[in-house]
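K.L.:
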Amino acid sequence: MTKEEILARVIAELQNVAPGCEPENADPDGDLREELEIDSMDFLNFIIALHKALHIDIPESDYPKLSTLNNIVAYLHDHS
6 MTKEEILARV IAELQNVAPG CEPENADPDG DLREELEIDS MDFLNFIIAL
56 HKALHIDIPE SDYPKLSTLN NIVAYLHDHS
């Protein structure tokens with residue numbers, strides 16, 4: 006998958022987990038949870054949704070690496 010395809014999937018999964026959030030308007034280098042005002046449970050559900058959609062294992066130890074949209078896209082691209 007290209008980074009653009011991954012970003013589109015990330016945005017779609019964020020909107021599924023946290024309806025009403027606007028990830029397309031978020032700073033791609035800003036802290037995702039702060040930018041979108043999502044709590045830890047929504048974030049966990051988002052990570053699970055990414056795993057299911059993209060079939061990429063994301064160990065809990067890597068969660069801190071997924072703090073921004075750009076970091077998430079890069080991580081998923083590197084692990085796909």
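If you use the working numbering, the sequence shown corresponds to residues 6 to 85, in order.
For every residue, glycine included, the Cβ atom is placed at its ideal position computed from N, Cα and C.
Given the structure is predicted, the values throughout are model-derived calculations rather than measurements.
Using 10 angstroms around the beta-carbon of residue 18, count the other beta-carbons present and answer buried if the total reaches 16, otherwise exposed.
P.N.:
Against the sequence shown, residue 18 aligns to sequence position 13. The residue in question, residue 18, is buried, as its Cβ has 16 or more Cβ neighbours within 10 Å.
K.L.:
To the nearest angstrom, report how far apart residue 76 and residue 25 are at their CA atoms.
P.N.:
Translated into positions along the sequence shown, residue 76 becomes position 71. Translated into positions along the sequence shown, residue 25 becomes position 20. Cα-Cα distance, rounded: 22 Å.
K.L.:
Closer than 8 Å, CB to CB, is residue 53 near chain D or not?
P.N.:
Of the protein chains in this structure there is only one, and it is not chain D.
K.L.:
Would you kindly check if the distance between the Cβ of residue 74 and the Cβ of residue 31 is under 8 Å?
P.N.:
One-based indexing of the sequence shown puts residue 31 at position 26. One-based indexing of the sequence shown puts residue 74 at position 69. Yes, these two residues count as a Cβ contact at 8 Å.
K.L.:
If you check the beta carbons only, do residue 37 and residue 61 fall under 8 Å apart?
P.N.:
Here residue 37 refers to the residue found at position 32 when the sequence shown is read from its first residue. Here residue 61 refers to the residue found at position 56 when the sequence shown is read from its first residue. Cβ atoms of residue 37 and residue 61: not closer than 8 Å.
K.L.:
Output needed for residue 50: all residues of its chain with C-beta closer than 7 Å, excluding positions within five of it in sequence on either side, in chain order.
P.N.:
In the sequence shown, the residue the question calls residue 50 occupies position 45. Closer than 7 Å at the Cβ level, and outside the excluded window around residue 50, lie 22.
K.L.:
Does the beta-carbon distance from residue 52 to residue 63 come in below 8 Å?
P.N.:
Stepping through the sequence shown from its first residue, residue 52 is reached at position 47. Stepping through the sequence shown from its first residue, residue 63 is reached at position 58. Cβ distance < 8 Å, so residue 52 and residue 63 count as in contact.
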